[in-house]
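Protein sequences, first through last, are from chains A and B. 137 is the number of the first residue of the first sequence in my numbering; add one for each residue after it. 4 is the number of the first residue of the second sequence in my numbering; add one for each residue after it. Ideal Cβ positions, reconstructed from N, Cα and C, are used throughout, including at glycine. Given the structure is predicted, the values throughout are model-derived calculations rather than measurements.
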Amino acid sequence: MDQSSPSTTLSIAVRVWRGSARGGSFDTFAVPQQPSQTILDVVTWIQRHADASLSYRFACRVGMCGSCAMMVNGIPRWTCRTHVNKVMRNNSLTIEPLRNLPVIKDLACDMTEFFDKWKQAEGHFHGSRTRHDGVARLSPNSPQRRVADAATECINCAICYASCDVVDWNRDYLGPAALNRAWSLQNDERDVAGARRLAAVGGDAGCHQCHSQQGCATYCPNELNPTASIAGLKRMVMKAYVKGDLPTRGDGEHA
Amino acid sequence: MLEMRLYLAQRISAAIIAPLVLIHLGMMIYAIQGGLDAAEILARTRGSFWWAANYGLFVVAVAVHAAIGLRNVLREWFALRGLMLATLAWASFALLLISGLRAVGAVVLL
Numbered sequence: 137m138d139q140s141s142p143s144t145t146l147s148i149a150v151r152v153w154r155g156s157a158r159g160g161s162f163d164t165f166a167v168p169q170q171p172s173q174t175i176l177d178v179v180t181w182i183q184r185h186a187d188a189s190l191s192y193r194f195a196c197r198v199g200m201c202g203s204c205a206m207m208v209n210g211i212p213r214w215t216c217r218t219h220v221n222k223v224m225r226n227n228s229l230t231i232e233p234l235r236n237l238p239v240i241k242d243l244a245c246d247m248t249e250f251f252d253k254w255k256q257a258e259g260h261f262h263g264s265r266t267r268h269d270g271v272a273r274l275s276p277n278s279p280q281r282r283v284a285d286a287a288t289e290c291i292n293c294a295i296c297y298a299s300c301d302v303v304d305w306n307r308d309y310l311g312p313a314a315l316n317r318a319w320s321l322q323n324d325e326r327d328v329a330g331a332r333r334l335a336a337v338g339g340d341a342g343c344h345q346c347h348s349q350q351g352c353a354t355y356c357p358n359e360l361n362p363t364a365s366i367a368g369l370k371r372m373v374m375k376a377y378v379k380g381d382l383p384t385r386g387d388g389e390h391a
Numbered sequence: 004m005l006e007m008r009l010y011l012a013q014r015i016s017a018a019i020i021a022p023l024v025l026i027h028l029g030m031m032i033y034a035i036q037g038g039l040d041a042a043e044i045l046a047r048t049r050g051s052f053w054w055a056a057n058y059g060l061f062v063v064a065v066a067v068h069a070a071i072g073l074r075n076v077l078r079e080w081f082a083l084r085g086l087m088l089a090t091l092a093w094a095s096f097a098l099l100l101i102s103g104l105r106a107v108g109a110v111v112l113l
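Laid out in structure tokens, this is it:
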């Protein structure tokens, strides 16, 4: 599967994981090095010039859609915004599908469980207004809005999910992205499902499973801090529980 | 909600342990001023209500705190669940509690 490159161009030895949920192995490609080359450029070059059967996922190519995350030299990264010269070691790269998610084929993961957990964490907005009530007026400078804003720029790339050891240990754990989303909504003054959401994130697979290892905060490409959001949820759930305001919920595993 | 309750119990027990550790360190320094002699130390600890209360509470808090921590390790690293997990967690709690209270009793009871 090795692909020779023009002798005048430096090449990168790229190991790419190939396979499916049943297993797989690495193929190695020699990819010509280019200025300002991203990891996504490398993967695209392989698919267009070396092996058209390589499967991967991307959309916007500018760091907005969260589709192209992969493991690069063992670290989860958004490949469209990751420059080769910043992550290459000894002129070589190892590219794998995201950790903690089932593989569909090659570098494309099945994101179903990731988005299902958003739903389980009540990661959607519950408003009380109708289209006849007009737009809610919020101060962007209120402390609560600032907290909500700090957690709101998630692009659903699942890099935090791939970096989380607790997800690896406990497959039911809701994960950093879903909990970060729940925290943002808990601080949205327009949302009216706070109690229900606290019950959802306070379950046996919820926020109290987090060990605050901060892998999510370390690797989030948008520099969000899901660990801090989860810590906020822990405090919020605790206060509700102590006050007797936490609704019981029959979901979650029972250990 | 079991996990959340265990989380709360572990934090409360940690809040109890922290000041007791400081008291323990201070007490050690105080206790050896007259020399590190078993008979001399036992003369102070035997029959002492405050010594028994301090270390008795310490043992109970440690048994709760450590058993929950061990349960987390067993759950996450060894994927134990259900009866096996509960049995091992309660066993570690009982072991720590009984051995700790036995040690406290040995130096307090006349």
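Residue j beta carbon less than 8 Å from that of residue i
{"i": "residue 314(A)", "j": "residue 253(A)", "result": "yes"}
{"i": "residue 20(B)", "j": "residue 65(B)", "result": "yes"}
{"i": "residue 258(A)", "j": "residue 318(A)", "result": "yes"}
{"i": "residue 148(A)", "j": "residue 243(A)", "result": "no"}
{"i": "residue 287(A)", "j": "residue 334(A)", "result": "no"}
{"i": "residue 362(A)", "j": "residue 296(A)", "result": "yes"}
{"i": "residue 300(A)", "j": "residue 316(A)", "result": "no"}
{"i": "residue 188(A)", "j": "residue 239(A)", "result": "no"}
{"i": "residue 298(A)", "j": "residue 221(A)", "result": "no"}
Euclidean distance between Cα positions of residue i and residue j
{"i": "residue 225(A)", "j": "residue 167(A)", "result": "14 Å"}
{"i": "residue 379(A)", "j": "residue 6(B)", "result": "18 Å"}
{"i": "residue 260(A)", "j": "residue 376(A)", "result": "21 Å"}
{"i": "residue 160(A)", "j": "residue 367(A)", "result": "38 Å"}
{"i": "residue 270(A)", "j": "residue 323(A)", "result": "21 Å"}
{"i": "residue 97(B)", "j": "residue 67(B)", "result": "9 Å"}
{"i": "residue 141(A)", "j": "residue 163(A)", "result": "Confidence in residue 141(A) is poor, its pLDDT being 47 and thus under 50, which makes the residue's placement unreliable; the coordinate value appears in the next sentence. Roughly 16 Å separates the two Cα atoms."}
{"i": "residue 212(A)", "j": "residue 284(A)", "result": "25 Å"}
{"i": "residue 137(A)", "j": "residue 171(A)", "result": "Unreliable positioning characterises residue 137(A) in this predicted model, as indicated by a pLDDT of 48, which lies under 50. The coordinate reading is nonetheless provided below. Rounded to the nearest angstrom, the two C-alpha atoms are 25 Å apart."}
{"i": "residue 388(A)", "j": "residue 340(A)", "result": "Bear in mind that a pLDDT of 39 at residue 388(A), under 50, signals an unreliable position, so the model cannot answer this."}
{"i": "residue 99(B)", "j": "residue 86(B)", "result": "20 Å"}
{"i": "residue 22(B)", "j": "residue 209(A)", "result": "45 Å"}
Residue i - DSSP class collapsed to helix/strand/coil
{"i": "residue 219(A)", "result": "strand"}
{"i": "residue 212(A)", "result": "strand"}
{"i": "residue 35(B)", "result": "coil"}
{"i": "residue 163(A)", "result": "strand"}
{"i": "residue 17(B)", "result": "helix"}
{"i": "residue 188(A)", "result": "coil"}
{"i": "residue 382(A)", "result": "coil"}
{"i": "residue 205(A)", "result": "strand"}
{"i": "residue 174(A)", "result": "strand"}
{"i": "residue 293(A)", "result": "coil"}
{"i": "residue 196(A)", "result": "coil"}
{"i": "residue 168(A)", "result": "strand"}
{"i": "residue 146(A)", "result": "coil"}
{"i": "residue 259(A)", "result": "coil"}
{"i": "residue 286(A)", "result": "helix"}
{"i": "residue 266(A)", "result": "coil"}
{"i": "residue 155(A)", "result": "strand"}
Note to self: Using a Cβ distance threshold of 8 Å, determine whether the region 174-191 of chain A contacts the region 205-223 of chain A, with at least three qualifying pairs required.
What the structure shows: yes
Check: When the Cβ atoms of the region 88-96 of chain B are set against those of the region 14-33 of chain B, are three or more pairs found closer than 8 Å?
Finding: no
Check: Should the region 72-83 of chain B be regarded as contacting the region 292-306 of chain A, the criterion being three or more beta carbon pairs within less than 8 Å?
Finding: yes
Check: What residue ranges within the region 288-341 of chain A form continuous alpha helix (DSSP H) runs of no fewer than 4 residues, ordered along the chain?
Finding: 295-299, 301-305, 312-322, 330-337
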